[in-house]
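Mapped onto my numbering, the consecutive letters of the sequence shown carry residue numbers 20 to 167. To keep things clear, I will list the structure first and then write my remarks on it.
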Amino acid sequence: MRGWKKGQLLIHPKFQIKFIVFLVAALFLAILFFYLGDLYFLKQLSVYGKELNLPPNHAFYKLLGMQKSIMNKVFLFTGVFVFIYLVIFGLILSNRVAGPLIKLRSYFEDMAETGKLKKISFREGDFFKEIEVAFNKSVEKLESKKDD
């Protein structure tokens, strides 16, 4: 395979980086919504404390401040952890999608240059195994017609 080494995760950078950026953007959007929901919840509790005429130095407000601080750390830790996970997962998943398509393109380019038909095989764990089967059936059919 041209320019593609075994074990290489970034085999089609344009597609794979877009895919990972999409995953990470979805992550940050989800975390943002949860964070805003948490802030709204804590703000509503603060308003409730004011409605109860609690003094500003009441333990209730200190507890809300502690909760906000803890939740900020939770969101930060979760965001960093899931970011790292999504980058790794995105690389692996996009590799399993891009690999078969790159291999198929390469086979078509080789067939255009040489005029020879040959079967294709995808890696274990790749997506689109049904394309491999259909492609190989087509090659068999064309080869049998050529022999006739």
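A virtual CB, placed ideally from N, CA and C, is assigned to each residue, including glycine.
Residue j beta carbon less than 8 Å from that of residue i
i, j, result
"residue 87", "residue 51", "no"
"residue 95", "residue 42", "no"
"residue 115", "residue 146", "yes"
"residue 149", "residue 141", "no"
"residue 64", "residue 46", "no"
Reduced DSSP category for residue i - H, G, I as helix; E, B as strand; rest coil
i, result
"residue 114", "helix"
"residue 72", "coil"
"residue 136", "coil"
"residue 153", "helix"
"residue 28", "coil"
"residue 20", "For residue 20, the pLDDT reaches just 44, beneath the cut-off of 50, and the residue's location in the model is therefore unreliable, leaving the point undetermined."
"residue 142", "coil"
Candidates the options, of which the one nearest residue i by Cα
i, options, result
"residue 158", "149, 142, 146 and 138", "138"
"residue 144", "85, 32, 118 and 77", "118"
"residue 164", "136, 132 and 72", "136"
"residue 27", "66, 77, 111 and 47", "111"
"residue 56", "122, 155 and 90", "90"
"residue 99", "44, 129 and 79", "44"
"residue 31", "85, 155 and 121", "121"
Test: residue i CB closer than 8 Å to a CB of chain B
i, result
"residue 98", "Annotation note: the requested chain B is absent from the structure, which comprises a single protein chain."
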